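Worksheet: the structure to be examined is printed underneath.
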Amino acid sequence: PFGDGNGRVGRLLMNHILWHASHPMLIIEYKYGRSYYRALERDETGFTNYFARRYISVHKRRLRQ
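FYI, in my numbering the residues of the sequence shown are 158 to 222.
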């Protein structure tokens with residue numbers, strides 16, 4: 158609903174919800190910014206698929222560490 162900052166507020170809310178559900182939070186790294194915005198522009202399903210893939214890959218990487 159704001160002229161600027163909707164994405165930041167949305168990501169903050171997303172991580173707040175994940176954290177309260179005892180799930181790891183997801184940080185969208187700068188290098189993945191373009192694919193993040195492309196997924197948002199496509200449609201809701203495209204973004205849901207993007208989110209699931211990024212979330213799984215980030216946490217697989219963290220589990221290996």
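Glycine is no exception: its CB is placed at the ideal position from the N, C-alpha and C atoms. Model, not experiment: these values are computed from the prediction.
Do you know offhand how far residue i's Cα is from residue j's?
| i | j | result |
| --- | --- | --- |
| residue 177 | residue 183 | 13 angstroms |
| residue 198 | residue 218 | 27 angstroms |
| residue 190 | residue 220 | 23 angstroms |
| residue 194 | residue 164 | 10 angstroms |
| residue 172 | residue 166 | 10 angstroms |
| residue 222 | residue 202 | 31 angstroms |
| residue 174 | residue 205 | 16 angstroms |
| residue 162 | residue 168 | 10 angstroms |
| residue 200 | residue 192 | 13 angstroms |
Tell me whether residue i is buried or exposed, calling it buried when 16 or more other Cβ atoms sit within 10 Å of its Cβ.
| i | result |
| --- | --- |
| residue 207 | buried |
| residue 209 | exposed |
Alpha carbons only, please: which of the options is nearest the one belonging to residue i?
| i | options | result |
| --- | --- | --- |
| residue 187 | 211, 180 and 161 | 211 |
| residue 215 | 185, 205, 203 and 200 | 185 |
| residue 213 | 170, 180, 195 and 168 | 180 |
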